[in-house]
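In the numbering used here, the protein residues as written are 21 to 307.
As structure tokens, this is what we get:
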């Protein structure tokens, strides 16, 4: 039986990189010339498909779309020896571009994926087109909200003592509408997050943000003034992971930045404001 296009996208494929790592990607819209790369967030059990599966089909009507499991997540390689995570993931992404012969692409990143997108644009400016950054990690600097934020605190609680209840508690900080956090979603993410390989990769990722010799690579707000790409910052007003006040410094420092804020929305704008998010971000990428 021939698989439907949706089934092909969901299955994805593994791409071997020269470094020996592999990245799992979901691809759609190959008939289009302009590529958009989607980079997911860093919560337990996160993957490209869990963050963007509904958005891929919509974007594929206008773009060639690659939704990538970042290194350490989903079905990609899960190394435990690496430098600062944003640099590590951006380097793997550059290898992916080379293997797939992608000269340049727009980057759409949520949270951790936003941080990877920024580091990629800083380190490989000729390969990065426009950036859509949704509550990006490393780029936001809280002016009023406490650190760690509520969401990060719950993430740390899960990391110290993984349980289904702790994961559910964390996931509910992701959204304004709690009904979106279903039992099915919790079970799916818990299964993915608690394999030995995933736990080791998550621990290594967290540790990379505190390594004395490289941790400053994660302070992306220090380098935000160097971005020359057009940047759309997307924030949920009720974001409890990277609160809205964290957008202010980035908006001030990035030369070609604009900010769109969704009311009644948490950290997952691509889900909670699905139709508006798709329209606004696609218009930004083509105007």
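Each residue gets a CB set at the ideal place from its N, CA and C atoms; glycine is no exception.
Taking residue i as the reference, which of the options has the closest Cα?
i	options	result
residue 303	150, 121, 129, 97	150
residue 134	152, 148, 76	152
residue 278	260, 305, 162, 40	305
residue 192	268, 96, 231, 286	286
residue 203	214, 298, 97, 185	185
residue 91	112, 82, 80	112
residue 261	223, 273, 271, 289	289
residue 268	165, 307, 220, 233	165
residue 114	233, 142, 280	142
residue 108	235, 87, 30	235
residue 106	123, 87, 86, 136	136
residue 194	307, 272, 130, 73	130
residue 158	59, 280, 243, 272	243
Using the rule of at least 16 other Cβ atoms within 10 Å of the residue's Cβ for burial, across every protein chain shown, is residue i buried or exposed?
i	result
residue 93	buried
residue 121	exposed
residue 119	exposed
residue 176	exposed
residue 64	buried
residue 160	buried
residue 89	buried
residue 78	buried
residue 163	exposed
residue 47	buried
residue 237	buried
residue 38	exposed
residue 299	exposed
residue 100	exposed
residue 34	exposed
residue 245	exposed
residue 276	exposed
If you draw a straight line from the alpha carbon of residue i to that of residue j, how long is it in whole angstroms?
i	j	result
residue 251	residue 156	12 Å
residue 173	residue 187	12 Å
residue 258	residue 181	27 Å
residue 23	residue 116	Note that residue 23 scores 48 on pLDDT, short of 50, meaning its location in the model is unreliable; the coordinates nonetheless yield the value given after this. Cα-Cα distance, rounded: 26 Å.
residue 292	residue 284	8 Å
residue 32	residue 45	5 Å
residue 183	residue 190	11 Å
residue 208	residue 178	16 Å
residue 102	residue 36	18 Å
residue 227	residue 128	25 Å
residue 169	residue 51	42 Å
residue 83	residue 57	10 Å
residue 254	residue 216	34 Å
residue 270	residue 241	6 Å
residue 263	residue 295	22 Å
residue 210	residue 201	12 Å
residue 223	residue 229	11 Å
residue 15	residue 145	Because the chain in this structure spans residues 21 to 307, residue 15 falls outside the shown range and cannot be described.
residue 21	residue 206	Only weak support is given to the placement of residue 21: the predicted model assigns it a pLDDT of 35, under 50, and the value that follows is read from those uncertain coordinates. If you take the alpha carbons of residue 21 and residue 206, they lie about 32 Å apart.
residue 140	residue 53	21 Å
residue 225	residue 41	16 Å
residue 154	residue 30	23 Å
residue 282	residue 301	13 Å
residue 171	residue 232	25 Å
residue 138	residue 80	23 Å
residue 272	residue 249	15 Å
Should residue i and residue j be called a contact, given that it needs their Cβ atoms to be closer than 8 Å?
i	j	result
residue 71	residue 61	yes
residue 125	residue 55	yes
residue 67	residue 212	yes
residue 266	residue 196	no
residue 218	residue 98	yes
residue 43	residue 96	yes
residue 274	residue 247	yes
Are there any heavy atoms of the ligand SAH lying less than 7 Å away from the beta-carbon of residue i, as far as the coordinates show?
i	result
residue 121	Summarising the ligand content, the structure contains no ligands, and the ligand SAH is consequently not present.
Check whether chain D comes within 8 Å of residue i, counting only Cβ atoms and requiring the distance to be less than that.
i	result
residue 81	Among the protein chains of the structure shown there is no chain D, as only one such chain exists.
Complete runs of the alpha helix (DSSP H) confined to the region 102-157 [at least 4 residues]: 105-120, 132-143
In chain order, which continuous runs of the alpha helix (DSSP H) of length 4 or greater are located wholly inside the region 215-270? With a minimum length of 4 residues, the continuous alpha helix (DSSP H) runs that stay inside the region 215-270 are 216-228.
Whole alpha helix (DSSP H) elements within the region 272-307, 4-residue minimum: Counting whole runs of 4 or more residues, the region 272-307 contains the alpha helix (DSSP H) stretches 289-292, 294-306.
Runs of alpha helix (DSSP H) wholly within the region 37-80 (minimum 4 residues, chain order): 68-79
Can you list the alpha helix (DSSP H) stretches of 4 or more residues lying completely in the region 171-212, in chain order? 184-192
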